[in-house]
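Under the numbering used here, residue 427 is the last one in the sequence shown; the count climbs by one each step, no gaps.
Each remark here refers to the structure printed beneath this line.
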Amino acid sequence: MAPTNGGRNANMHEDTEDRRTQNLLNNEASRRKVLKGLAALGLAGPAAMAAIRTGSAGTLHAFGTPGNLTDGIARIVDAAKVPELDRMVTFAVTGSDLPWKDAGFSIEEGQSVTFLLGGRWWIVKDLDVWVEPGLAFFARIGGNAPIYNPMSNTGTMVAKRAGAVSVARSIGDWVDEKAETVATPPEYYIQEDGSHIEGIALIWKGDPLTGLRGLHAHGDVAGALQAEIARLESEPPVPEGWRSMYQTGNAGIFSTCAPGVIGCHVHKNACLLVRDVSLPLSPDATIDWQWNVEELPSMAAEDELLTHDYLSMAVAFDDGQDLTYMWSAALPEGTVFRCPFPRWQPLETHVIVRTGHGELGKWLAESRNIHDDYHQHIGGEAKRIVAVWLIALSVFQRRTGLARFADIVVRGNGEEHRLT
8 MAPTNGGRNA NMHEDTEDRR TQNLLNNEAS RRKVLKGLAA LGLAGPAAMA
58 AIRTGSAGTL HAFGTPGNLT DGIARIVDAA KVPELDRMVT FAVTGSDLPW
108 KDAGFSIEEG QSVTFLLGGR WWIVKDLDVW VEPGLAFFAR IGGNAPIYNP
158 MSNTGTMVAK RAGAVSVARS IGDWVDEKAE TVATPPEYYI QEDGSHIEGI
208 ALIWKGDPLT GLRGLHAHGD VAGALQAEIA RLESEPPVPE GWRSMYQTGN
258 AGIFSTCAPG VIGCHVHKNA CLLVRDVSLP LSPDATIDWQ WNVEELPSMA
308 AEDELLTHDY LSMAVAFDDG QDLTYMWSAA LPEGTVFRCP FPRWQPLETH
358 VIVRTGHGEL GKWLAESRNI HDDYHQHIGG EAKRIVAVWL IALSVFQRRT
408 GLARFADIVV RGNGEEHRLT
């Protein structure tokens, strides 16, 4: 069968990207910049070259060009004079900033602050690989956890304590949930590639939604105000009994879409949803679930860093290891590999349990013996199962992933935990 025009165009695009990448690597200065960008993610040597070969280009921008967001919102605030707004503060996070910096304001316990974020954070600028500012941005109060991440370019934080607000950026860099330090060495964490987050903090003395509606009546900038109004009006809460991991926010990625059913809609962002459990890793330990995956966030094999976008069910153990059961776009069922993201490579093992597009849109039942999978694929010293995770990632290719999960049950040693 002759290839379609779409196929020829796709092949031409891939050939163009391959030539572009090779030209970059043939230029020594560009090559050093590319490899440094990958090294900031912990990649070097063959792993870096593999990531380069799988790089993808991006086209979307967050809220316009630098300065437009700040100037435009400032004009609206000045014109609207809404009574709910206490004050507006601007800030910036740049590649030269070590994790936390003072945002220039303090808030009281219970007070709300809305963040509007512009800019972009480069992973590898010469390959046009970047993430939205809302994915990389974090805030905290009083110099302590918990940390806040909107996982979108707008978000509203409610203060759990009084104190000074500080801001930072991280793409999976935090060592632990305290977020005091990053695992990435300073020489790689500090970037001079134009990465930046342009931030606005709207600090409220009244209801944020009412205040945002009042501002929006006087205008908007690239839809930023409308985006946060829509989020506050309609973003669903995290499913009951679950929580987002400290490395990511949720931003409505996972939600209860029907009784006993957790829906997932991921697009250019990521969430790791946690359900704490405590169960011996006994020989009869199993996990069962049903899922209906409608769209996969990757179009290629997910075992390379820059195509590592996926949906999965995961089990975490008391030795820090975890097993993730993935539906792959291209890898054969039964494939097992360590996570290509350096921060997670020592900790996470992926097992492909479904592959391809033929069964998308169907409810399918899965059952795995956790004990056998752990000892076959990890072989560590774990004694207990400590959590079940739902994972959705679409950071690198910035595609959409859609799925629903139901009837999640963990059993073993005479115990049963129903999680949906």
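Yeah, the Cβ is synthetic: ideal placement off N, Cα and C, and Gly gets one too.
DSSP-derived helix/strand/coil call for L312: In the sequence shown, the residue the question calls residue 312 occupies position 305. Residue state, collapsed to three classes: helix.
Are A258 and P157 close, meaning C-beta to C-beta below 8 Å? Residue mapping note: residue 258 aligns to position 251 of the sequence shown, counting from 1. Residue mapping note: residue 157 aligns to position 150 of the sequence shown, counting from 1. Judged by beta-carbon spacing, P157 lies within the 8 Å limit of A258, meaning their Cβ atoms are closer than that value.
Cα-Cα separation between D106 and R127, rounded to whole angstroms: Within the sequence shown, residue 106 is the residue found at index 99, counting from 1. Within the sequence shown, residue 127 is the residue found at index 120, counting from 1. Looking at the sequence provided, one finds Pro at residue 106 rather than Asp. Each residue's Cα considered, the two are about 17 Å apart.
Output yes or no for whether 8 Å exceeds the beta carbon distance between A143 and I114. Indexing the sequence shown from 1 puts residue 143 at position 136. Indexing the sequence shown from 1 puts residue 114 at position 107. Cβ atoms of A143 and I114: not closer than 8 Å.
For the stretch 83 to 101 and the stretch 208 to 222, state whether three or more C-beta atom pairs, one from each stretch, are separated by less than 8 Å. yes
Evaluate H357 with the Cβ neighbour count: other Cβ atoms within 10 Å of its Cβ, from every protein chain shown; 16 or more gives buried, anything less gives exposed. Here residue 357 is taken as the residue at index 350 of the sequence shown, counted from 1. Label assigned to H357: buried.
Separation of A292 from H384, as counted between CA atoms: On the sequence shown, residue 384 is found 377 positions in, with the first residue counted as 1. On the sequence shown, residue 292 is found 285 positions in, with the first residue counted as 1. If you take the alpha carbons of H384 and A292, they lie about 15 Å apart.
For G80, the first and last residue of its enclosing alpha helix (DSSP H): Within the sequence shown, numbered from 1, the residue matching residue 80 stands at position 73. Note that residue 80 corresponds to Ile in the displayed sequence, not to Gly. N75 to A87 is the span of the alpha helix (DSSP H), which, as asked, contains I80.
Excluding the five sequence neighbours on either side, which residues of its own chain have a C-beta within less than 7 Å of the C-beta of P246, listed in chain order? On the sequence shown, residue 246 is found 239 positions in, with the first residue counted as 1. F261, S262, T263 and I269, listed in sequence order.
Three or more beta-carbon pairs under 8 Å between the stretch 401 to 421 and the stretch 298 to 306, yes or no? Yes: the two stretches touch, three or more of their Cβ pairs being nearer than 8 Å.
By alpha-carbon positions, which one of I154, R94, N151 and L318 ends up nearest to P215? Counting from one through the sequence shown, the residue named residue 215 turns up at place 208. Measuring from the Cα of P215, the nearest candidate turns out to be R94.
Where does G363 sit, in a helix, a strand or coil, going by DSSP? On the sequence shown, position 356 is the one that residue 363 refers to. Note: G363 maps to coil in three-state DSSP.
Helix, strand or coil at L354 [DSSP, three-state]: On the sequence shown, position 347 is the one that residue 354 refers to. Three-state DSSP puts L354 in coil, outside helix and strand.
Counting pairs of Cβ atoms below 8 Å between the stretch 357 to 373 and the stretch 319 to 335, do you hit three or more? When Cβ pairs closer than 8 Å are counted between the two stretches, the stretch 357 to 373 is seen to touch the stretch 319 to 335, the count reaching three or more.
Return helix, strand or coil for I154, following the three-state DSSP convention. Taking the sequence shown and counting its residues from 1, the one referred to as residue 154 is at position 147. In this structure, I154 counts as strand in the three-state DSSP scheme.
G102 and S202: beta carbons closer than 8 Å? Within the sequence shown, residue 102 is the residue found at index 95, counting from 1. Within the sequence shown, residue 202 is the residue found at index 195, counting from 1. Contact flag set, yes.
For the candidate residues H315, D414 and V228, whose alpha-carbon lies nearest to that of N75? Within the sequence shown, the letter at position 68 stands for residue 75. Here the closest residue by C-alpha is V228.
Through-space distance from Q352 to L330, alpha-carbon basis: Within the sequence shown, numbered from 1, the residue matching residue 330 stands at position 323. Within the sequence shown, numbered from 1, the residue matching residue 352 stands at position 345. Rounded to whole angstroms, L330 to Q352 spans 12 Å at the Cα level.
Which of the three DSSP states, helix, strand or coil, is assigned to I269? Numbered from 1 along the sequence shown, position 262 holds the residue referred to as residue 269. DSSP, reduced to helix, strand and coil, places I269 within a strand of the structure shown.
Sort out for me which residues DSSP pairs D295 with in a bridge. For the purposes of this step, residue 295 is taken as the residue at position 288 of the sequence shown. Answer is S374 and V416.
Tell me the DSSP secondary structure of K212 in three-state form. Taking the first residue of the sequence shown as position 1, residue 212 is located at position 205. Three-state DSSP puts K212 in coil, outside helix and strand.
Cβ-based burial, R405 [other Cβ within 10 Å; buried from 16]: Along the sequence shown, one-based indexing puts residue 405 at 398. With 16 or more other Cβ atoms within 10 Å, it is buried.
I need the straight-line Cα distance from M252 to A277, nearest angstrom please. The count along the sequence shown starts at 1 and reaches residue 252 at position 245. The count along the sequence shown starts at 1 and reaches residue 277 at position 270. Their backbone Cα atoms lie some 11 Å apart in a straight line.
Using 8 Å for Cβ pairs, my map puts V417 next to L286. What's the rounded Cβ distance? As a working note, residue 417 is residue 410 in the sequence shown. As a working note, residue 286 is residue 279 in the sequence shown. Confirmed, Cβ separation roughly 6 Å.
Per DSSP, R411 is paired with what? Translated into the one-based positions of the sequence shown, residue 411 becomes position 404. R411 is bridged to G270 and N299.
Could you pull out every residue in the same chain whose Cβ sits closer than 6 Å to the Cβ of C271, ignoring the five residues on either side in sequence? The residue you call residue 271 lines up with position 264 of the sequence shown. Taking C271 as the centre and dropping the five residues before and after it, the same chain places the C-beta of F261, A399 and A410 closer than 6 Å to its C-beta, in chain order.
In the DSSP assignment, find the beta strand (DSSP E) that holds Y317 and state where it starts and stops. Along the sequence shown, read from residue 1 onward, the residue named residue 317 stands at position 310. Start and end: Y317 to F324.
Just curious, the beta strand (DSSP E) that R238 is in, first and last residue? Mapped onto the sequence shown, residue 238 falls at position 231. First-last for R238: A231 to S241, but that is the alpha helix (DSSP H), not the beta strand (DSSP E).
Tell me whether T314 is buried or exposed, calling it buried when 16 or more other Cβ atoms sit within 10 Å of its Cβ. As a working note, residue 314 is residue 307 in the sequence shown. Buried is the call here.
Could you check whether A110 and V172 sit closer than 8 Å to each other, using their CB atoms as the reference points? Taking the sequence shown and counting its residues from 1, one reaches residue 172 at position 165. Taking the sequence shown and counting its residues from 1, one reaches residue 110 at position 103. A contact, by the Cβ cut-off of 8 Å.
My output table needs one value for R220: the three-state DSSP class, helix, strand or coil. Stepping through the sequence shown from its first residue, residue 220 is reached at position 213. Helix, per DSSP.
Any idea if R425 is buried or exposed, counting beta-carbon neighbours within 10 angstroms, 16 or more meaning buried? Taking the sequence shown and counting its residues from 1, the one referred to as residue 425 is at position 418. Exposed is the call here.
Starting from E423, trace the beta strand (DSSP E) in both directions and tell me its first and last residue. Here the question's residue 423 lines up with position 416 in the sequence shown. Here the beta strand (DSSP E) through E423 covers E422 to R425.
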